[in-house]
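Before any comments, here is the structure.
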Amino acid sequence: MAVERTLSIIKPDAVGKNVIGEIVTRFEKAGLNVVAMKMLHLDDDKAGGFYAEHKERPFFGDLVSFMTSGPVVVQVLEGEDAIAKNRELMGATNPQEAAAGTIRADFAQSIDANAVHGSDSAESAAREVDYFFAADEICPR
Ligand code: RTP
Ligand code: MG
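Per full-length UniProt numbering, the sequence shown starts with residue 1, numbered consecutively.
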């Protein structure tokens, strides 16, 4: 399996619950390395551009409001099969459908306030990492 990079966001609900460290620990214990990390408070343009693929969806306005409601932590995770591994650790989008022991099952409230984002494909990962990080902000081990 190939070493990949994926973009992770700890969303405003999880930052507000003070579980940044608990979430990062799950990545580290699963063998994913944090190779870039920063805290940001997104504005409408930055959040809307990030979720541009969902612009026509009925939930887009709520999604942007939620993602700008407080600070987020954006990270680049690197490791074997990182994209799928991160999605597995996150659990289903709707926390009520998320498998026991996943981040969303343990920390998320609702389909809107669902604790984390993770890139869903190699193409999204490349775009999303570039969206938040310059090359010299990424520190491979
Ligand atoms: P994310 O992009 O945040 O990692 O989440 P995801 O891949 O699991 O889900 P996605 O389909 O990309 O949707 C992005 C975010 O939009 C909200 N959403 N609401 N009300 C709804 O039906 C609905 N569907 C999606 C969720 O907060 C989801 O994380
Ligand atoms: Mg998505």
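The beta-carbon is built from N, C-alpha and C at its ideal position, and this holds for glycine as well.
Own chain partners of T6 with C-beta closer than 7 Å, once the 5 adjacent residues on each side are dropped: L77, A82, I83, N86, G118, S119, A125
Helix, strand or coil at L77 according to DSSP, with G and I counted as helix: strand
Three-state secondary structure assigned by DSSP to residue 155: Summary: the structure shown does not reach residue 155, with the chain confined to residues 1 through 141, and so no result is reported for it.
Under 8 Å between C-beta atoms of M39 and Q75: no
Test item: CB-CB of R141 and L89 under 8 Å: no
First through last residue of the beta strand (DSSP E) which encompasses T25: It is not in any beta strand (DSSP E) - T25 instead sits in the alpha helix (DSSP H) that spans 20-29.
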